[in-house]
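**Q**
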Amino acid sequence: MYRPDSRFLRQQSLVPQEMLMQLRITVIGVGAIGRQVSIQLASLGVRNLQLVDFDSVELTNVTTQGYLSADIGLLKVNATGHAVQQIDPAVELSLVDDRFRPHLQVGDVVFCCVDSITARSAIWRSVASRFRLWIDGRMLGEVMRVLAVADEDAREHYHTTLFQQSDAQTGACTARGVIYTAAIAAGLMIHQFTRWLRGLPLDSDLSVNLLASELVVA
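Start counting the sequence shown at 195; every next residue gets the next number (the numbering used here).
(1) Looking at C-alpha atoms only, which residue of A348, F387, L238 is the closest neighbour of Q279?
(2) Whose CA, out of K270, A284, C307, I311, lies closest to the CA of D292?
(3) Could you please give the first and the last residue of the uninterrupted alpha helix (DSSP H) stretch that includes A376?
(4) For T220, does the count of other Cβ atoms within 10 angstroms reach 16, so buried, or fall short, so exposed?
(5) Nearest to V300 by CA position, among S323, Y374, S310, is which residue?
(6) What first and last residue would you give for the alpha helix (DSSP H) that runs through V209?
(7) Would you call A406 buried or exposed, if buried means 16 or more other Cβ atoms sit within 10 Å of its Cβ?
(8) In the DSSP assignment, find the beta strand (DSSP E) that holds Q216 and state where it starts and stops.
(9) Would you kindly work out how many angstroms separate the C-alpha atoms of S263 and T254, rounded to a whole number?
(10) Given W390, which residues of its chain have a CB within under 7 Å of its CB, disregarding the five upstream and five downstream residues?
(11) Using the DSSP secondary-structure output, state which residues sit across from L289 in a beta bridge.
(12) With V246 and A380 assumed to form a contact (beta carbons below 8 Å), what rounded beta-carbon distance in angstroms separates them?
(13) Report the option in L243, Q234, L341, G267 whose CA atom is closest to the CA atom of S250.
(14) When DSSP labels each residue in this structure, what does R201 get in the three-state scheme?
(15) Looking at C-alpha atoms only, which residue of I281, V303, V337, T312 is the closest neighbour of F325?
(16) Please list the terminal residues of the continuous alpha helix (DSSP H) segment that includes R319.
(17) Can you check the segment 249 to 289 for any alpha helix (DSSP H) of at least 4 residues that lies completely inside it and give the ranges in chain order?
(18) From F295 to I329, what does the alpha carbon distance come to, in whole angstroms?
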């Protein structure tokens, strides 16, 4: 028989529910990586989740971002919010169907899942003093990078990764993407989050190249 308190039994040693219940979490960008992050957060047991995105679901998002054919034409925050509540209807959702604005109040934990260095830099400048944990996911094709910031050393390193858009690898996340890269990147981001929940050291800069079977931790 289903009991609401029994669904976390298999993950309780890895995901401290008492800490999770106290946090407000913000996901900025619910495209390829952000949708996967949101769904995994719902499965972990988040209680308070804010989703930020201005975009609507297109046909190509079904294959690359994990949306359903029935979601086409819907706002991504609405479609993702519905998926979250299908997993756990008790999640308190805040849906912001707009671009990130500097005045927006963000949560204790921020997952940055946008596909532009310019946007990422602007968001960072706005929220850098307002979070407890920042996790940034980047991907292009079969290459991904996850950066986590929870202390001053990581903060200083992260700043060096905000290069000019003109210096970025050609193309955005949406230019070349596959669902499995997004899912792996999201999983790596969630793993850093659960390490932080347990008070374990974080990997401030982790890169994975699937084609080369290469993982690098800076």
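Every residue gets a Cβ at the ideal spot worked out from N, C-alpha and C, and that includes glycine.
**A** Answer, in terms of the structure:
(1) Nearest C-alpha to Q279: L238.
(2) With respect to the C-alpha of D292, the residue from K270, A284, C307, I311 having the closest C-alpha is K270.
(3) Note, A376: alpha helix (DSSP H), 373 to 391.
(4) When all chains shown are included, T220 counts as buried.
(5) Nearest to V300 by C-alpha distance, out of S323, Y374, S310, is S323.
(6) For V209, no alpha helix (DSSP H) encloses it, and the DSSP letter there is neither H nor E.
(7) Exposed, by the Cβ-count rule.
(8) Unbroken run through Q216: none, as it is neither H nor E.
(9) For S263 and T254, the gap between their C-alpha atoms comes out near 10 Å.
(10) L327, A344, L396.
(11) Note: L289 sits in a beta bridge opposite L245.
(12) Not quite, the Cβ-Cβ distance comes to about 16 Å (not below 8 Å), so this is no contact.
(13) Of the candidates L243, Q234, L341, G267, the one whose C-alpha sits nearest the C-alpha of S250 is G267.
(14) Reduced to three states, the DSSP call for R201 is coil.
(15) Of the candidates I281, V303, V337, T312, the one whose C-alpha sits nearest the C-alpha of F325 is V303.
(16) R319 -> alpha helix (DSSP H) spans 311 to 321.
(17) Counting only runs of 4 or more, we get 253 to 258, 270 to 281.
(18) A small fix is needed here, since residue 295 is Arg in this sequence, not Phe. Put simply, the backbone Cα of R295 is about 18 Å away from that of I329.
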